[in-house]
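In the working numbering, the protein residues as written are 149 to 477.
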Ligand SMILES: [Zn+2]
């Protein structure tokens, strides 16, 4: 896989919806429910495609301010973000505190990071790989805090279509996606036959970025999540030559421009996290992108040394490649 993802490589699918239209309907439907219900009920509604579509509720900044008791900085961020994003998408960032355990401050984050990470891996036998190999590198290779959101990596031997909401330039089968509620990375047949350990790890780097997103990152406070989203949206507004180049992000298109900005900002984060974790130090790398990722990763793993991690991975990969090819031939 090249350093830039081909259109078929990956998609972020936050919900198991068949199309962008259904997804939006479900978000709007679920949103009105969220006002009166909480927890699992909201999740069930989000996951149900048969949910009737009620009238779109009037979602306002004032409503968000009151419901989430926003402080003045958070309110300022919500106001600025609402110029580029739908309030429904901002709601989802704020709502993480309502439905999940999220750190409240730096001290709490430090406490959380003391727990040893666990990761389930399955389905790799379809590829002739050992699940333990992938698990060992992933646990050592990725920022520790990631494993509060990511619990499992699964390979499914089938083709899964790209989400329609990503537009007509990105048709075909996806390479992987994340399932927020179960904390899984689902890798599928999509882009390549004969996947090898380094392909799986490449895919995981991008998907890991999705789990660090403001929509899911329970190691970031609400204000930090809003700030991160703002930073990403701001990066997209700079000239193409001034931000990180990704064919994949560029090719996302939706007639709803605010929705498009939301999708693009999420994929932009996944792309720069992936680029950082693969230790690419090329001319493509722009200082503001490096700053966003480095700060984010240090929060998720203080002292994380990307160079050391890459060396460990390279050594392991060459060891496995030998045994992989010996098994094959
Ligand atoms: Zn993605």
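Ideal placement from N, C-alpha and C gives every residue a C-beta, glycine not left out.
Inset, instruction - Please confirm whether any heavy atom of ligand 1 lies closer than 6 Å to the CB of residue 407. - result: no
Inset, instruction - Mind checking which residues open and close the alpha helix (DSSP H) that includes residue 442? - result: 435–448
Inset, instruction - Return yes when the Cβ of residue 232 is within less than 7 Å of the Cβ of residue 381, no when it is not. - result: yes
Inset, instruction - Can you say whether residue 443 is buried or exposed, counting buried as having 16 or more other CB atoms within 10 angstroms of its CB? - result: exposed
Inset, instruction - Go through its chain and collect everything with a Cβ distance to residue 250's Cβ below 6 Å, but skip five positions before and after it. - result: 244, 366
Legend entry - For residue 468 and residue 328, the rounded distance between their alpha carbons: 30 Å
Inset, instruction - Counting only the same chain and skipping the five closest in sequence on each side, list residues whose C-beta sits under 7 Å from that of residue 343. - result: 275
Legend entry - Pick from 277, 284, 330, 439 that is closest to residue 345, judged by C-alpha positions: 277
Legend entry - Same chain, Cβ closer than 8 Å to residue 228, neighbours up to 5 away in sequence not counted: 378
Legend entry - Contact belief for residue 300 with residue 320 at Cβ below 8 Å, rounded distance in angstroms: The pair is not a contact, with the Cβ atoms about 25 Å apart (cut-off 8 Å).
Inset, instruction - Look at the Cβ atom of residue 373, then the Cβ atom of residue 287, and state whether they are nearer than 7 Å. - result: no
Legend entry - Proximity winner among 222, 361, 217, relative to residue 448 (alpha-carbon distances): 361
Inset, instruction - Inspect the beta-carbon positions of residue 394 and residue 355 and report whether they are closer than 7 Å. - result: no
Legend entry - Nonlocal neighbours in the same chain, by C-beta distance under 7 Å from residue 465, ignoring five residues either side: 345, 346
Inset, instruction - Return the CA-CA distance between residue 247 and residue 238, expressed in angstroms with no decimal places. - result: 15 Å
Legend entry - ligand 1 heavy atom lying under 6 Å from the CB of residue 327: no
Legend entry - residue 211 versus residue 225 - alpha carbon distance: 15 Å
Inset, instruction - Less than 8 Å between the CB atoms is what I'm expecting for residue 221 and residue 371, so what's the real figure, rounded? - result: 6 Å
Legend entry - Whether residue 297 touches residue 216 by CB criterion (7 Å): no
Inset, instruction - Check whether the Cβ of residue 312 sits closer than 6 Å to any heavy atom of ligand 1, and report yes or no. - result: no
Inset, instruction - Would you mind reading off the limits of the beta strand (DSSP E) that contains residue 416? - result: Careful: residue 416 lies outside any beta strand (DSSP E), inside the alpha helix (DSSP H) at 405–425.
Legend entry - Of the listed residues 208, 409, 219, nearest to residue 369 (C-alpha basis): 219
Legend entry - Nearest-angstrom Cβ-Cβ length linking residue 357 and residue 422, presumed shorter than 8 Å: 6 Å
Legend entry - Per DSSP, the bridge partner or partners of residue 309: 321
Inset, instruction - Would you decide whether residue 192 is buried or exposed? Buried here means 16 or more other CB atoms lie within 10 Å of its CB. - result: Low confidence applies here, because residue 192 scores a pLDDT of 45, under 50, leaving its location unreliable; read the following figure in that light. When all chains shown are included, residue 192 counts as exposed.
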